[in-house]
Each structure stands twice: as structure tokens, then as C-alpha cells.
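In the numbering used here, the protein residues as written are 2 to 256. Written out below as C-alpha cells is the structure these notes cover.
See the structure below:
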């Protein structure tokens, strides 16, 4: 009987111990799984943080490169504009140069024909300019060119009007959509304004006059930009021959 109870107690103990070990192992496995999950979650959070940081750094670098590219493009545009101005502007007078005149007169001539609008030219020449250079020197002559050019720019009140230094002391004004009366009035104003202009040279004062030729293209046949200039040059020659300091008009001969 004693052996039976002993065997029963031992069996109960073994069963309890086995169950305890099973619970302990299961709890340990759960704890390990929990620790692993926590560790994995931390790793994921760290990875996510690194990814966010990398994304922010990438976006920051992209923004920096975009800004650098924008600045470079602006600098390139500035350089191109400077080159364009250098190629089209007369350095001394600040007016457009002969190259630009050749391009502009062709464009305006075509527009005039397309729109059936008048196109006028005024050719301005400083009278006795050689005498100015001989008596006062070329630096003073340059100053006179600058002063006359500045006056011409101030009298061109429309954005479509263009002033060019054609060469030496000669200037050509392109006046789109301007009839003969309008061009004649402007040329007379130019003569009067230059006449009133006083240019100081050390202790002396230089008084200048200009001669102006005017012509207006009004859809005459067989006329080209070159012929228009030849016509305005004839008008200037007439002004010189008539005594200078005046305006003369040359009309196209109708065939």
C-alpha cells in the first residue's frame, strides 16, 4: 500500500514538474518572441528614420542642385544678353549699331508691306564735325557724338522707334507706322533741340547744328530697304547743299 502511494506521489510530481517546465518553456519562448518583435520593431523604426533622413538629404541635395542650376542659367542668360548688346549696341553713343540697323530695317520693311503701313527714316548728320575734331580734338568730338545721341534717344518717345549710329557722326532713325508729316515734325524738332544744346569743353562752349534727311515708304513698287536708305541719303545731301542746319525731304518717284 505504501508503495502505491509513493508511486502516485511520484507520478503526480513528475506530471506537475513536466507541466511547470512546459509553462516555463512556453513563457520563455513568448518572451523571446516578444523581445524579437521589439528588436525588429526598433530596427524597423531605425531603418525608417534612416530612410526619412536619407530622403530629406536627397531632397535637400536636389533643391541645392536645382538652385545652383537656376543661378547658372541666370548667369548664362546675363552673359548672353551682354553679348547680344555688345553685338547690337554702339559702344560710344549707346545707340544701336549699323549691324542692328541692317537687321531692323529689313524686319520693319516687311512688316510695313504686310500691314500696309508707312515707314519713315530720318538721317541725321552733325554739321562741320571734322572742324570740331580739328579744333577741339577727338575726345571732344566723341563727347559731341554722345550728347547728340542722348538727345536723339530722348526724342524717340515710342517704343517701336529705333535710333542707330550709322557711322561716324551720322545717325539713322527708323520710324515704323509714321507718315511723312510725322517724320518731318520730328526731324525739325531734332534740328531745333541740337541748335539749343550747349556742349562745354573746358572753358569754352561748343554749339552744334545738324542736317536731316527724311523719306517715307508708302508701299511704292520695286522699293527695297536699300532704296529707302538711298532716298533718305539724297534728302540729307539736299539739306547739306542748301546750307545745313535744316531738314529736307526726298519722295519716291512713282513710275
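Glycine residues also receive a C-beta, built at the ideal position from the N, C-alpha and C atoms.
Asked, Found
"Should residue 157 and residue 149 be called a contact, given that it needs their Cβ atoms to be closer than 9 Å?", "no"
"Starting from the C-beta of residue 256, find all residues in its chain whose C-beta is less than 8 Å away, skip the five residues before and the five after it, and write them out in chain order.", "Unreliable placement is indicated for residue 256, whose pLDDT of 49 sits below 50; the coordinate value is still reported in the next sentence. The residues are 222, 223."
"Are residue 161 and residue 181 touching if we call contact CB-CB under 9 Å?", "no"
"Starting from the Cα of residue 174, find the closest Cα among 136, 204, 233, 129 and give me that residue.", "233"
"Can you give the Cα-Cα distance for residue 46 and residue 53, rounded to whole angstroms?", "10 Å"
"Taking all protein chains shown into account, decide if residue 229 is buried (16 or more other Cβ within 10 angstroms of its Cβ) or exposed.", "buried"
"Would you call the CB atoms of residue 126 and residue 209 closer than 9 Å?", "no"
"So, helix, strand or coil for residue 202, using DSSP?", "strand"
"For a test of the three-state rule: what should DSSP assign to residue 91, helix, strand or coil?", "coil"
"Can you round the beta-carbon distance between residue 205 and residue 241 to whole angstroms, since I take them to be within the 8 Å contact cut?", "The pair is not a contact, with the Cβ atoms about 26 Å apart (cut-off 8 Å)."
"Given this structure, state the Cα-to-Cα distance separating residue 68 from residue 57, to the nearest angstrom.", "16 Å"
"Going along the chain, which residues of its own chain have a beta-carbon closer than 7 Å to the beta-carbon of residue 84, five neighbours each way excluded?", "Low per-residue confidence applies at residue 84: pLDDT is 49, beneath 50, and the placement is therefore not dependable enough to give any value."
"Restricting to Cα atoms, I'd like to know which of 248, 103, 98 is closest to residue 186.", "248"
"Rounded C-beta distance between residue 130 and residue 120? I'm assuming under 8 Å.", "No, residue 130 and residue 120 are not in contact; Cβ-Cβ is about 28 Å, not under 8 Å."
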